[in-house]
Amino acid sequence: MNCSGIARTLIAVCLAGTAGVMCQTPTDPVKGPPPKPDPASVERGKATFVGACGFCHGASAKGGEKGPDLLRSVVVLDDENGNTIGPVILRGRPDKGMPRFPFTPQQIADVAAFLHDSIKNAIERDNYKILNIVTGDAKAGEAYFNGAGRCSSCHSVGGDLKGIGARYEPVTLQGKFLQPNYTWTEGTPPHTVFAITVTVTLSSGESFTGALVSYDDFNVALRDASGAYHSFTRVNGNPQVEIHNKLQAHVDLLSRYTDADIHNLTAYLVTLK
Amino acid sequence: MKIELLLAGFCLAAGLPASAQILDPALLTKPATDAWPTYHGDYSGRRFSTLTQINQSNVKHLTLAWIFRVKTGLTPNAIVGGEGPEPQNPPTNPGTWTIKATPLMVNGILYFCTPDNAYAVDARSGHELWHFAWKSKGGDHIGNRGMGMYGSWLFFETPDNYLVSLDAQTGKERWHKQIADLKQEYFSTVAPIVVGNHVLAGVSGDSLDVPGFLEAHDPETGDVQWKWWSEPLKQGDPGWDSWPDEYAMRHGGGMTWIPGTYDPSLHLYYLGTGNPNPVLTGRSRKGDNLYTCSIVALNVDTGKLAWYFQPSPHDTHDWDAAQTPVLIDAEIDGKPRKLLGQANRNGYFFLLDRTNGKNVLTAPMIRSMNWSKGIAPNGQPIPDPAKEATIEGVLVSPQTSGATNWPPPSYDPQTGFFYVGTAQEYSMFYLTDTDPHPEGWGAAERDAGHLGGDLEAIDIKTGKIAWDHHFPFTGGAVGILTTAGKLLFTGDGAQHLVAFDPANGDILWHAGLADDLSNGPETYMLDGRQYLVAGAGDSLYAFVLEP
């Protein structure tokens, strides 16, 4: 897939309170979302397929000892509601050893729905289901948390992380330590915290501090504690700009983690129910 | 430039009517000055202009000449083509109005397209001359890189896989030819490149496991002259032993997303091919998977492979080699060489001998890269199998979107530097399809963190980064133009068009736009004035010096 990395403005993403933006193809209104096959029809089709066709084509239709992979079949890809699949089912392919199957029109439509649903599941990679990622060693994860990872210098399993393993699915939990949200709520009364703050100091000595709104070679903007917005033009390094990222430790870990560290830390955090 | 005399001969030879819109083919083989006749301005892909009117001493006096904002869909004045249904509503996908094309500029008129839309615009004033709208049957509307031109005929591709030819003067359709099957999830994005009487058309799409190809079409009739498959189709074909079986190679991907470059003296067309399929897992396709993720040299008259170099053997991270193969003439160790440079999505810069594909040097472009065990003697990176997607996940940099991507880089012969926008990002890769025959992508990616991006100047003789400009929150792949006026024009990811000093990275000028730069900037001379034109979002912006 071909997409550009330039369209990510991390600050905007951070302030929107979401994790980073993936380079993904947006849903295409011209193409539209593919029509969703009726789930009941898909289920019936699957049962029919496994019983009658799976012996040769495999239960997942990806091909078996005798029959080809139907999910990559041009006949199937071209099909609409059984119009090209149906004749093959009804007539068979005697030259290739495929017998005829006297399916009803409903059975043909159901088998077609099952095959198209399987193809759709292969195409729609954003919806792929992530499997069990909790395979690490929780003990080693705990040692990493308190040792090399230096997580315990900011976090406490009895405090801010209490019960975190019960609050999130493992994949979400892992994503949260790899790349936390850049805004969160804390304190009493609850208030929003912005991870990235900036201090702008003018030549007069006057300075402004607040959440970073935008930053580039020509401008810097912030929102101070009162909610007021301030922006400044940057010329030849003036005014002076200092950026602070409360989550810098998470960024720095990216180049230090081994995959085992990530798996172990995940296994440990999952136990914090 | 005096081209009228050349034109007379050309028109007779090609049997074309003489008109103001005709492209002199001689323009294609030399650096563009009063034209931008092909995607990269010339065949080399270096995107270096010899123009000097705009230069370091006066760049601060650039001023806006005009803005052209595209109107997409079946507008009241649109010339309508296409075989799809009548759209009920105006387009809502930003892809249909984002300008990724580098417009052609021929005889004072700009020609470019966005998905399903083509435009002719007065290069002096920004006024629209015609708008052609295509009724689409579907396909991914992710982007369109632009047009090719032969005489007075224009060529572009549509998301639903038609190669369309228009009359440049009127915008009326001459013909359209289907080049690939939409139902197999092919779609089309590339700007056709015209070489001699060949219109070179590629295809895109890796959602399903289908093979890629490049076709040469006859500019007059649209008929296919030759077709090059980016993979072997059967045992015994070149490259077949880099696949486990015919089934894998026939479903192995290798799309031809991006325009190539051409060396007239060697008669070779250079192309970077797409990633293999299934995309993120290689279990069902053991081997190097030729000629995916490769830089290939094809004989432009026959489509026969002359040589290849594969930057990502057995890729499992979507790092296609569909970045511009830039043709560079330079001295290496005191000897003049015909070279080819590519800043690859996998994080390495490659310099090859373009006569034979032999590697001259391989150098890393980003520090975060963690997938390679080093460089083999032949210059190929050695993938670390431990960084292929697993069920529990592996942390990999770059992300699938790469250290860089399709936006065109630039090579400046005055500095000897190759300029590219890079990103340093991490993702987790999780294997999701454990079948022995996975389909589609086979694994899921989750964003895991960003270290910002850089505009880099790579010294082609050493591979060392001569200077870089860091963008802590933006950066990444971006279109770049260099000029003999000692200027580098590009975007900063913060909606500015910026001029840098190509020698040291100093910022010399900038202008705020309404969107991020979305194409490769270009420049041309008209009526004694040098224009700088850049596409950002739905608009083209033209700059000139204050009079």
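These protein sequence lines are chains A and B, in that order.
Heads up: the first sequence is residues 785 to 1057, going by our numbering.
Heads up: the second sequence is residues 4 to 550, going by our numbering.
Just so you know, even glycine gets a beta-carbon here, dropped at the ideal spot from N, CA and C.
- Counting only residues of its own chain and dropping the five nearest sequence neighbours on each side, residue 985 of chain A has a CB closer than 7 Å to the CB of 991, 1023, 1024.
- Pairing residue 164 of chain B with residue 260 of chain B, the inter-Cα distance amounts to about 12 Å.
- Assigned with DSSP and collapsed to three states, residue 194 of chain B falls in coil, not helix or strand.
- A residue is called buried once 16 or more other Cβ atoms fall within 10 Å of its Cβ, and residue 94 of chain B is buried on that count.
- Out of B:540, B:257, B:278, B:200, the CA that lies nearest to the CA of residue 304 of chain B is found in B:200.
- In the DSSP assignment, residue 907 of chain A falls outside any beta strand (DSSP E) and lies within the alpha helix (DSSP H) extending over 889–907.
- Identification of residues in the region 947–963 of chain A having a C-beta nearer than 8 Å to some C-beta of chain B yields 955, 958, 959, 962, 963, given in sequence order.
- Contact residues of the region 362–381 of chain B toward chain A are 370, 371, 373 (C-beta to C-beta distance below 9 Å).
- With the criterion set as a beta carbon lying under 9 Å from some beta carbon of chain B, the members of the region 981–1015 of chain A are 996, 998, 999, 1000, 1001, 1002, 1003, in sequence order.
- In this structure residue 344 of chain B does not touch residue 319 of chain B by the C-beta definition: roughly 25 Å separates them, more than the 8 Å allowed.
- Counting C-beta pairs closer than 8 Å gives fewer than three between the region 876–884 of chain A and the region 450–470 of chain B, which falls short of the contact rule.
- Counted as a single uninterrupted DSSP element, the beta strand (DSSP E) harbouring residue 533 of chain B occupies residues 532–539.
- Taking C-beta atoms as the reference points, residue 151 of chain B and residue 116 of chain B fail to come closer than 8 Å.
- When secondary structure is reduced to three states using DSSP, residue 104 of chain B falls in the coil class, being assigned neither helix nor strand.
- Residues of chain B whose Cβ lies closer than 9 Å to the Cβ of residue 909 of chain A are, in chain order, 210, 282, 283, 435, 443, 444, 445, 446, 447, 448.
- With the criterion set as a beta carbon lying under 8 Å from some beta carbon of chain A, the region 291–318 of chain B has no members that meet it.
- A Cβ-Cβ separation of about 20 Å leaves residue 501 of chain B out of contact with residue 49 of chain B under the 8 Å criterion.
- Membership of residue 413 of chain B in any alpha helix (DSSP H) is not indicated; the residue belongs instead to the beta strand (DSSP E) covering 413–415.
- Within the same chain, and ignoring the five residues on either side of residue 465 of chain B in sequence, the residues whose Cβ sits closer than 8 Å to its Cβ are 364, 366.
- The C-beta distance from residue 981 of chain A to residue 967 of chain A rounds to 11 Å, too long to meet the 8 Å contact threshold.
- One thing to note: residue 1046 of chain A has its Cβ no nearer than 8 Å to the Cβ of residue 963 of chain A.
- Residue 228 of chain B and residue 222 of chain B have their C-alpha atoms roughly 10 Å apart.
- For residue 84 of chain B, there is no enclosing alpha helix (DSSP H); the residue is part of the beta strand (DSSP E) that begins and ends at 82–84.
- Taking the C-beta atoms as reference points, residue 129 of chain B is found nearer than 8 Å to residue 69 of chain B.
- For residue 187 of chain B, the closest Cβ of chain A is nearer than 8 Å.
- Cβ contact annotation for residue 78 of chain B (same chain, cutoff 8 Å, sequence separation greater than five): 134, 136, in chain order.
- The DSSP assignment places complete beta strand (DSSP E) segments of no fewer than 3 residues inside the region 962–1029 of chain A at 967–970, 975–978, 980–985, 991–999, 1003–1007, 1013–1017, 1024–1029, in order along the chain.
- Listed along chain A, the residues sitting closer than 8 Å to residue 398 of chain B by beta-carbon distance are 962, 1038, 1041, 1043, 1046.
- Residue 950 of chain A: member of the alpha helix (DSSP H) spanning 948–951, first to last residue.
- In this structure, the beta-carbon distance from residue 56 of chain B to residue 533 of chain B falls below 8 Å.
- DSSP, reduced to helix, strand and coil, places residue 542 of chain B within a strand of the structure shown.
- Ranking B:484, B:143, B:457, B:103 by CA distance to the CA of residue 370 of chain B puts B:457 first.
- The residue from B:542, B:436, B:536, B:230 with its alpha-carbon nearest to that of residue 66 of chain B is B:536.
- For the region 114–200 of chain B, there is no continuous alpha helix (DSSP H) assignment of 4+ residues that stays within its boundaries.
- At a cut-off of 8 Å between beta-carbon atoms, residue 394 of chain B makes contact with chain A.
- Against chain A, the beta carbon of residue 510 of chain B has neighbours under 7 Å at 1001, listed in chain order.
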